[in-house]
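Numbering (the numbering used here), first residue to last: 14 to 1064. Where is the CB? At the ideal position from N, CA and C, for every residue including glycine. Here the structure is a predicted model, which is why all the values come from computation and not from measurement. Working notes, structure below.
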Amino acid sequence: MFENDSIQAFHRKQPKKPQKMRAMGVPATGKRDEFIMDTNSSSIVSKRSVEKLYYPKQPEYFRYFVRKFQRRSPLINRGYWLRMKAIDKTVENFLGEDNGKIRVVVNLGCGYDPLPFQYLGIHPERCRNCVFVDVDYPQLMQKKLEVIRQNQPLLDLLAGIKFGKPDDAVLGDAEKYKALGCDLKNVSSLDQALRKMFDLDNCSVAFLFVAEVSVAYMEKPAANAVLKWAAGLPDARFCLLEQHLPDGEDHPFAVTMLKHFQKLRTPLHAIGTLGTMRDRFEAAGWPSEGVDLKTLWELWSNDDFVTPTERRSLDKVEPFDEWEEFALFGSHYFLLRATNNVGHDNDEEAKPDDIGHAASTEDSCSRTLNAEIISGPSTSRRFAAATSIPGTLEQDILKTPLQGVAHLGGLGTRERLKSGDIYQEPAHDLHSTERDEGGAPRRDTATLPDLPSATMCHTITSLGGPASLLVGGRASPDKASSACFILQDGVWDAAHNLPVGRFRHCAVHIDKTGGMSQNKSTVLVYGGKTSQGDVLDDWLLYDLNSGWQRLEVTGEVPEPRFGAAMSVDGTGSGGWLLGGMSDDGTVITDCWLWNLDSSDHTIRVYCQRKRGFGAQRNAMSHALFRFGAQIARCGSYLLLIGGISGGKMLDRGNEIVLLDDGTGVTANWSQRPLLVGFSAQSYEGGLLMLGGGATCFSFGTFWSQSQNLTLDNLERRTWSVLETSTLPFREATRNLEPTPSEKLMGEHGNSIDILRRTIATATDFQSILLSSQPAILKKLDLGICTKQWTTTYLKEKIGTDRSVVVHDSPTPKMSFSTKNFSYKTVPFGSFMDRAEDGDHVYLRALSSEKPADSPTELAKDFPSIAEDFKLPPGLAHVVEHAHSSPLRISGPVNMWLHYDVMANVLCQIKGSKRLLLYHPSDVSRLGLPPGASSSPIDPFDPSPEDHAALRHVKAYEAVLNEGDVLFIPPLWLHTAKPLSNLSVAVNVFFRYNGMETAYAAGKDVYGNRDIAAYERGRRDIQKILKGFDGLPDQVRTFYIERLVAELRSSI
């Protein structure tokens, strides 16, 4: 389907182009012009994508010139948004001049760009006393005018337009719009055509010439002639937006870009540096003080050009995380604004510091690194994570422990990856005699477990010894992960989840934490970005026993950021934090020193801004503050490597610098890499630079080769990639032996004792919430209920005659799946007597006013006893986010295995009970029917079939006595068995951090209604399955299995 019938009919009439071109060589002039015109088609489709997505409330004009809407990638959309913004801002400033002159906007090489219609239709108030002139090849302008003829909304903006003959220079003539068919290589024809409509020698006419990637395709002499002619007019401005080479033709982005245009048979003849472009304009007659150049990346970061509010608003249109690639694009495009009327201030911005003649930073380098490509069958990947593997995996040849570096996950050539590569420094001649059956030397091979899911922008950090911790990461930018896993002994073990999913965070290994146990190894995480686009500023410390603890910040507080660089100093508990990106998409230019302090047995992080950092080397200061960089040690030097900086692009002289003083470090690369999305891993005497690369806008993707760096005064050491086979994640982690964290938590049979914790403050409970692990809270003051709530007291206060609805079961095991119980309405007094006598009855209180519509609240439904029960100040978060507070009283009857979507605290008032809990990741193994929250499995008395399922899961066990409180995180499956005839408890369900917008709309009486996304997903599944109705079983099964596999791979 086309967007409108007229454009469809117009394109049908266009003759087909030859299907084959000459394979090599530069095309002839006529053919090359056709190729140049073809670039308009791609550009206009991209701008149409921006128009539809980013300007939904404005009239759409690109749509008339695009056959069919095609949504471009977020990177392409944002790049073209910035291009369009740069042109629009320049035109807007020109039209806003109040000088009484006729203002003429001449769009050179306009293509199908609807700039005149956008202003005439959207901003008519700015178009008084102005004229728009479109200029391009005659045949292209005729096609553009044909579209205008066939679309009345365009004609309505061009009152009285007259269309010329095909051989006329003036092809369209209206009061505020002119269409000229001119080849810009013949500037005299342009001069003659414009003189037919304007007095070019009259000072009362001001011209703005706009050239957006048009003169770049011209040979330099012809392009210079246009510049010189325009400079000779009495009052002229020039707006030039095109590509340049900020770091030479061998920069990976430049290589990819130039190859792209060469492949299209449209080489960029006029491309050069900003300095050469400034020189060309000055040589053409434009006064030096009237020439202003800025890269698009500089303009993006300029609050006067793009406001912080504008930058933030773009993230609401579509998720975006291609920041390095966006910066590379913006750094290779520039906007030049020139005026020959230097007495007139045509721009509110200050002139730049002679950007065109900036000195190279390469001469400032004083250190040299030698690089060698690492040989072997590695996988192209970027935004992966590397970790040392000291003896945790096994080599196949000699069955000996493997020591090396694993490079895991990331984005591959087609999709995100679960797999990894193993890099090893071979022992000298260790395997020189190993041969295969054919007598050839055998390659080293090793087995590596897949990551739990395909992920990128995650971290993997050593925990000390043989273990490493994987933290967070993402699928798409709006799907951040909170999952954490420990790699040890060749398997992944589920660890405590993050309180909030995040990616682009910092993570460092902490050797000791001050006053805590000596040499206690752990991981410190800072910042990052969430699925919702929130930028974080929290500091989290990991503990194998208790999970994540949010640290209080003392001293000064760094602003929230993601993609920062962080390191640890020699103390093992302090270090550097610098750069990163703020929530408005600009690089933060500050540096911090941080240090963990536990002098009073409470761990805090002290932060102090390092003022004046970088000031000693002004020429290099911008290179010290980066996004997406890494800090790594090579020999005795601490290096800041790669990423992007704000404003100016990093070049070969400063992409690697010494962190302490910013001195550039030269790397003698075997192949120049693109230092984006790489992983840096230090080893004794050197540094591995693994993977990396970037999508170079619409020009293609560049992949860096992994290389080994050593200082020039040290012996070079050779590394290689092992042939790696992978194990599926589920097979690798399902192990009857206790995992490392389980060993520390304490194990009994096939279950783990839930830890008993003491909390004194709300901060203590927050750390438990952050862990997303169950915990028994002991020694809490729950009020007088623990003493007063006897059977006699409750019957007296509630009333023996009050009717209550109870579960009445003939057996001690209730099952929601078989409904082996009945609901009965009975007097409260008789229910209490039966429970105390050992009958299998159970009360889960409901709302007394609207039991089918509203959740129960102890204060409303049992006001006579509500004041006896209280939650201590340490559980203030529960009170503030409470959903319901049901009273639970039961005889000796089991509650079936189920999960609740809300988090809750189960407060045991009288009696005791035993509970078994299961991690949410085990839900698929516990027999829950589709859409159900209850399981038919009875873990306390399993059948032989249930035994088989339970062998593959771990139970977390809790025994609650009077006064104990059990925190049950959301989605943890649990079942309960009373250990006394009478059990009295109060549940308080509460909304969990990070899930506020996920809960289903409408009533949720019990706190276990599945989140809205899951409910929608189940409906969508039914629609998908219905689409396969009527197909042969083999075909239906084939495609459904493929969909299942694709869904699983995206988790």
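Exercise for the section: Would you give the residue range spanned by the alpha helix (DSSP H) that residue 242 belongs to? Expected result: 233-244
Practice task
Please list the segments of the beta strand (DSSP E) lying wholly inside the segment 971-996, counting only runs of 3 or more residues, in order along the chain.
Solution key: 978-981 and 986-991
Exercise for the section: Verify whether the separation of the beta carbon atoms of residue 344 and residue 309 is less than 9 Å. Expected result: yes
Problem - Span of the beta strand (DSSP E) around residue 120 - result: 115-121
Practice task
In angstroms with no decimal places, state the Cα-to-Cα distance between residue 317 and residue 221.
Solution key: 21 Å
Exercise for the section: Decide if residue 535 is buried, meaning its Cβ has at least 16 other Cβ atoms within 10 Å, or exposed. Expected result: buried
Practice task
Give the DSSP bridge partners of residue 433, in chain order.
Solution key: 421
Problem - residue 482 versus residue 776: straight-line alpha-carbon distance, rounded - result: 24 Å
Problem - Distance CB(residue 598)-CB(residue 348) smaller than 9 Å - result: no
Practice task
Apply the 10 Å Cβ neighbour rule to residue 12 and answer buried if 16 or more other Cβ atoms are within range, or exposed otherwise.
Solution key: Lying outside 14 to 1064, the shown extent of the chain, residue 12 is not represented and no answer is given.
Exercise for the section: Tell whether a beta-carbon distance below 9 Å holds between residue 253 and residue 235. Expected result: no
Exercise for the section: Could you round the C-beta distance between residue 1005 and residue 915 to whole angstroms and report it? I think they count as a contact, below 8 Å. Expected result: 7 Å
Exercise for the section: Determine the direct distance from the alpha carbon of residue 289 to that of residue 262, and round the result to whole angstroms. Expected result: 14 Å
Problem - At least three beta-carbon pairs within less than 8 Å, the segment 70-84 to the segment 280-299 - result: no
Practice task
Tell me, to the nearest whole angstrom, how far the beta carbon of residue 550 is from that of residue 540; I am working on the premise that it is less than 8 Å.
Solution key: 6 Å
Practice task
For the beta strand (DSSP E) holding residue 908, just list the boundary residues, first then last.
Solution key: 908-911
Exercise for the section: Measuring alpha carbon to alpha carbon, tell me which of 416, 927 and 493 ends up nearest residue 979. Expected result: 927
Problem - Local Cβ density within 10 Å of residue 558, reported as buried at 16 or more and exposed below that - result: exposed
Exercise for the section: Measure the C-alpha to C-alpha separation of residue 42 and residue 230 and round it to an integer number of angstroms. Expected result: Low confidence applies here, because residue 42 scores a pLDDT of 45, under 50, leaving its location unreliable; read the following figure in that light. So the two alpha carbons sit approximately 12 Å from each other.
Exercise for the section: Look up residue 7 in the DSSP assignment and say whether it is helix, strand or coil. Expected result: Limits of the chain in this structure are 14 at one end and 1064 at the other, which puts residue 7 out of reach.
Handout entry: Among 663, 801 and 814, the one whose alpha carbon lies nearest that of residue 259
Key = 663
Exercise for the section: Report the option in 332, 426, 153 and 150 whose CA atom is closest to the CA atom of residue 707. Expected result: 426
Handout entry: residue 509 in three-state terms, based on DSSP
Key = coil
Handout entry: Simplified DSSP state of residue 605, which is helix, strand or coil
Key = strand
Problem - Limits of the beta strand (DSSP E) - the one that residue 965 falls within - result: Where residue 965 is concerned, there is no enclosing beta strand (DSSP E), given that its DSSP letter is neither H nor E.
Problem - For residue 465 and residue 515, the rounded distance between their alpha carbons - result: 16 Å
Problem - Cβ-based neighbour list, residue 232, same chain, cut-off 6 Å, excluding 5 preceding and 5 following - result: 282
Handout entry: Beta-carbon gap between residue 519 and residue 510 smaller than 9 Å
Key = no
Exercise for the section: From the DSSP output, in three-state form, read off residue 462 for me. Expected result: strand
Problem - Cut-off 6 Å between Cβ atoms - residues of its own chain near residue 941, not counting five sequence neighbours on either side - result: 948
Exercise for the section: Under 7 Å Cβ to Cβ from residue 754, same chain only, skipping five residues before and after it: list those, please. Expected result: Because the pLDDT at residue 754 is just 34, under 50, the model does not fix this residue reliably, and the value given afterwards should be weighed accordingly. These residues qualify, in order along the chain: 499, 506, 508 and 557.
Handout entry: Presumed contact (8 Å Cβ cut-off) between residue 124 and residue 170, rounded CB distance
Key = Not quite, the Cβ-Cβ distance comes to about 18 Å (not below 8 Å), so this is no contact.
Practice task
Could you spell out the range, first to last residue, of the beta strand (DSSP E) harbouring residue 636?
Solution key: Element bounds for residue 636: n/a, residue is neither H nor E.
Exercise for the section: Note down the Cα distance separating residue 182 from residue 331, rounded to an integer number of angstroms. Expected result: 43 Å
Problem - Beta carbon proximity, residue 321 to chain B, threshold 9 Å - result: The structure shown contains no chain B, having only a single protein chain.
Exercise for the section: Name the two residues that bound the continuous alpha helix (DSSP H) containing residue 1065. Expected result: Beyond the ends of the chain as shown, which are 14 and 1064, falls residue 1065; an answer cannot be given.
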